[in-house]
Amino acid sequence: MNVFRFAGDMTHLISILVLLLKIYTTKSCSGISLKTQELYAVVFVTRYLDLVTDFISVYNTVMKVVFISSSLAIVWCIRRHKVVRRSYDKELDTFRHWLLVGACAVLALVVHEKFSFQEVCWAFSIYLEAVAILPQLVLLQRSGNVDNLTGQYVFFLGAYRAFYILNWIYRYYSEQHFTRWISCVSGIVQTALYADFFYYYFISWKNNSKLQLPA
Amino acid sequence: SSSSELKDEL
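Chains as they are written, first to last, in my numbering: chain Z, 1 to 215; chain F, 1001 to 1010.
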């Protein structure tokens, strides 16, 4: 565990806490894409199948359980919570996310390291995570104004990916550890998707103004 | 690294 990897995991955790904080304090999920949250729930459940087959560390197990349970809880809140669900921007959140699931499933069946159930699921989860933010970015762009907590949520998610890339570079030089190329390529694609958002986030931060995305 | 190597990243 190096400082970049730890920073990546922590910013990932912070992003989820920020999202839960927003939902809990405002009792609202406006600006949050249910589609993206559903994709993350699918990502974590399919990636962490090794929870039952391999033990890596207490840290690893705890984080996996936290990611699976928090993503399911968030989906439940947006769909079922009697107050929260009223603020869901259903008409803005129309991204056809099951197409992404289908495309990633096909890709995982074709491109994987080993043809086993767990390995194909793992590759699928990596591909799906790379594009899971798309419905959220589309929703933000459509709604124009982004509230602070939602902006911070997306910012921390993007920071998590950027730290993971630094972690891979660090591991390559310090441990001669080669990150799987499936992870590398997907991770770079995933981080690149945030480039536009980061640009406007920093401008609003510099000008001390509200985050607005161009239509 | 082989594909049977443990995946230690999240």
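C-beta: ideal position from N, C-alpha, C; glycine also.
Item: Chain-ordered chain F contacts of Ile56(Z) [CB-CB under 9 angstroms]; Value: Leu1006, Lys1007, Asp1008
Item: C-alpha gap between Ser1002(F) and Val120(Z), whole angstroms; Value: Interpretation of Ser1002(F) is limited by its pLDDT of 43, a score under 50 that renders its predicted location unreliable; the figure taken from the coordinates is listed afterwards. When rounded, the distance between both Cα atoms is 15 angstroms.
Item: DSSP state of Asn2(Z) mapped onto helix, strand, coil; Value: coil
Item: Backbone CA spacing between Cys29(Z) and Leu20(Z) [nearest angstrom]; Value: 10 angstroms
Item: Short Cβ contact (8 angstroms threshold) for Ser116(Z) with Thr46(Z); Value: no
Item: Buried versus exposed call for Arg80(Z) [16 or more other C-beta atoms within 10 Å across all chains shown]; Value: exposed
Item: Contact set between Lys64(Z) and chain F, taken where Cβ atoms lie within less than 8 angstroms; Value: Leu1010
Item: Close Cβ partners of Leu213(Z) (< 7 angstroms) along its chain, the five nearest in sequence each way excluded; Value: Leu140, Gln141, Gly144, Val146, Tyr200
Item: Val75(Z) at chain F interface by Cβ criterion, 8 angstroms; Value: no
Item: Rounded Cβ spacing between Ile23(Z) and Phe156(Z) (contact assumed at less than 8 angstroms); Value: Not a contact, Cβ separation roughly 15 angstroms.
Item: Bounding residues of the alpha helix (DSSP H) (the contiguous stretch that carries Pro135(Z)); Value: 134-143
Item: Assigned secondary structure, Gln118(Z) (DSSP; H/G/I helix, E/B strand, else coil); Value: helix
Item: Glu175(Z) versus Trp168(Z) - alpha carbon distance; Value: 10 angstroms
Item: Nearest-angstrom Cα separation, counted from Asp9(Z) out to Arg216(Z); Value: As shown, chain Z starts at 1 and ends at 215. That puts residue 216(Z) outside it, with no answer to give.
Item: Per-residue contacts from Asn2(Z) into chain F (C-beta, under 8 angstroms); Value: The premise fails here: Asn2(Z) is roughly 11 angstroms from chain F at the closest Cβ pair, so nothing lies under 8 angstroms.
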